[in-house]
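According to the numbering used here, the sequence shown holds residues 5 to 411 in order.
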Amino acid sequence: MQLLLLLLTSLSLGARLKDKVYYTNPNLVREKDGIVTVNVKGVKKQDDIELLSKVLDISDFQLLKEDSSVDNSNFSVIAESQSEFEGLQTTRALTEDELSCGTVKAAHETRLYGLIGYALKAIEKKDIKPSLAYLIANSPSKVTFKNIEPDADLQLRLVLFDTTIQKQCDGQYIEIGSALALQFHGITDTACFPNNVVPTDTSKCTDSQSKPDILLNNAKEIYFENGDIQSVKKLLLRFGVVQLDSNQLIIGWETKDDKTYWVVAEPTEPIQESEPSNEDEDPAEAQIEYKYSYESIEAEDVSTYTGATIGIIVDVPTEEEEVIITPPADQPKPAEEVKPIDCKANPNDKACSGNCKNNKKMTRSECPCIVGDTRDACDEFDGSVMIRAALSAVVAVILIPVLALFW
């Protein structure tokens, strides 16, 4: 596992554009009969991984609350006050039975539990506890790759190996499987499937009579990079909750003395007594509580916010079995491998004319890099965001950087 982490942290992503969001192309990552297959045809090096994503503008998504804007002094669709927040099902402490499932405990610590629970409140208007047991049960049994290029970069090929997922509370790679299950199967609540037992059949609730109410259908993990305070506000207006790569789980904002403060759902640290309260009690198990607390943290005025959220995107895969993602002939190579276009010498070049005259909001594929280009993607010394620590190199490389935020 240490080798996998070393490989992960040595890979980095090309810079993404501000106010854009990215999600995995459903034509390239498919599930059938419990097996997720990733088509990596055309992916030969780290920079090519960008081709596995689709891109949208933040503004393409509807506001959760009509007439709300980034100019609001305060905003939250999760809870308008601390007392309301503390009464939410997702906020409340996990029970001893729930803590017996290692994946549920880990999901709470890494904030995936909170991200899903508060997304349910924001998008579905449901105040419920998310069933991680349902996600475990619906995890794929295997992640496999096809069309691996024989001349792919060695560092990339080393992590493109088939992975078996153990669908149990403490199964290997189950945290990755749970995140994939959300994308393909949605989520339901603990009233249907309690978080202490992984069900063998998810067509009926554990009472064997009720059918599960599946929520967050067509959910996608959406990620962003190079955002500023306004970018994060735009995301909150449309998705309700945002998880930063710093692991802050933001559910809104407030203004104090003309400064923006993030309203953050922060996991409480397990509280342990210095000594057991009675002779029979294990000190390590004394007064351990897993819940979220309400905090107000001053927002950093930077342009490097990176993170993820959950949104609904109806993007049905095509019927094609394989989607070739080899870049078209006119798509430039990564900046470090191709010289920028000199517009003074080549004024009629695609990169220098038409919509590319003002290329600040254009991608590198839409408008190739030019001499003096100020876009991050064209910076010769582009300091890319590295894939953060994750338990599995396999899916983290493909669904980057979203899953790595959680695990």
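Virtual Cβ for every residue (Gly too), placed ideally from N, Cα, C.
All of these numbers come straight from a predicted model, not from anything done at the bench.
- Within the region 209–259, the complete beta strand (DSSP E) segments at least 3 residues long are 223–231 and 246–248, listed from N- to C-terminus.
- Closest in alpha carbon position to Y298, among S145, G311 and A83, is A83.
- Listed in chain order, the alpha helix (DSSP H) runs fully inside the region 97–147 are 100–103, 106–113, 116–123 and 136–141, counting runs of at least 4 residues.
- Note on geometry: alpha-carbon atoms of K224 and Q187 lie some 6 Å from one another.
- Taking the Cα of A141 as reference, the smallest distance to any Cα among A126, K109, R115 and A183 is reached at A183.
- Contact between the region 48–64 and the region 88–106 is absent, with fewer than three C-beta pairs closer than 8 Å.
- In this structure, G231 sits away from F79, with a CB-CB distance that is not shorter than 9 Å.
- If you look at I178, you'll find it isn't in any beta strand (DSSP E); it sits in the alpha helix (DSSP H) that goes I178 to H189.
- The closest CA to that of L21, considering only Q213, D346 and E229, is found on E229.
- Three or more beta-carbon pairs separated by less than 8 Å link the region 147–167 to the region 46–53, which places the two stretches in contact.
- Between E128 and L219, the CB-CB gap stays under 9 Å.
- The shortest C-alpha to C-alpha distance from N221 to any of I191, E90, S214 and D37 is the one to I191.
- Residue environment for P351: exposed (fewer than 16 other C-beta atoms within 10 angstroms of its C-beta).
- Closest option to D155, judged by alpha-carbon separation, among K109, I178 and V44: V44.
- Annotation: the continuous beta strand (DSSP E) that includes E270 extends over K263 to P271.
- With 16 or more neighbouring CB atoms inside 10 Å of its own CB, D377 falls in the buried class.
- Contact annotation, P321 with Y296: C-beta distance approximately 35 Å; criterion of less than 8 Å not satisfied.
- DSSP places R161 within a helical segment (H, G or I) once states are collapsed to three.
- Only exposed fits Q213, as fewer than 16 other CB atoms lie within 10 angstroms of its CB.
- For V201, the closest C-alpha among the options K215, Y177 and C173 is that of C173.
- Listed as beta-bridge partners of L60 by DSSP are V25.
- The beta carbon of S357 is closer than 8 Å to those of P351 in its chain, skipping five residues each way along the sequence.
- Excluding sequence positions up to five before and after S300, its CB lies within less than 7 Å of the CB of E258, Y265 and V267, all in the same chain and listed in chain order.
- By the neighbour-count criterion, in which 16 or more other beta carbons inside 10 Å mark a residue as buried, D166 falls on the exposed side.
- Put simply, the backbone Cα of S87 is about 24 Å away from that of D262.
- A Cβ-Cβ distance of about 5 Å is found for the pair Y27 and I226, placing them in contact under the 8 Å criterion.
- Relative to the Cα of K150, the nearest Cα in the group K361, G46, D205 and Q252 belongs to G46.
- In the DSSP assignment, E88 falls within the unbroken alpha helix (DSSP H) covering Q86 to E90.
- Per DSSP, the unbroken beta strand (DSSP E) holding A312 starts and ends at Y309 to I316.
- With contacts defined as CB atoms closer than 9 Å, K130 and G244 fail to qualify as a contacting pair.
- The beta carbon of I317 sits closer than 7 Å to the beta carbons of Y27, N222 and K224 from its chain, once the five residues preceding and following it are set aside; these are given in chain order.
- Collapsing the DSSP output to three states places D71 in coil.
- If the five residues before and after V246 are omitted, its C-beta is found closer than 7 Å to the C-beta atoms of V236, L239, L240, I254, G311 and T313, all from its own chain and listed in chain order.
- Of the residues E153, M366, G121 and K146, the one whose Cα lies closest to the Cα of D193 is G121.
- For T378, there is no enclosing beta strand (DSSP E), as DSSP marks it with neither H nor E.
- Beta-bridge partners of N43 (DSSP): K150.
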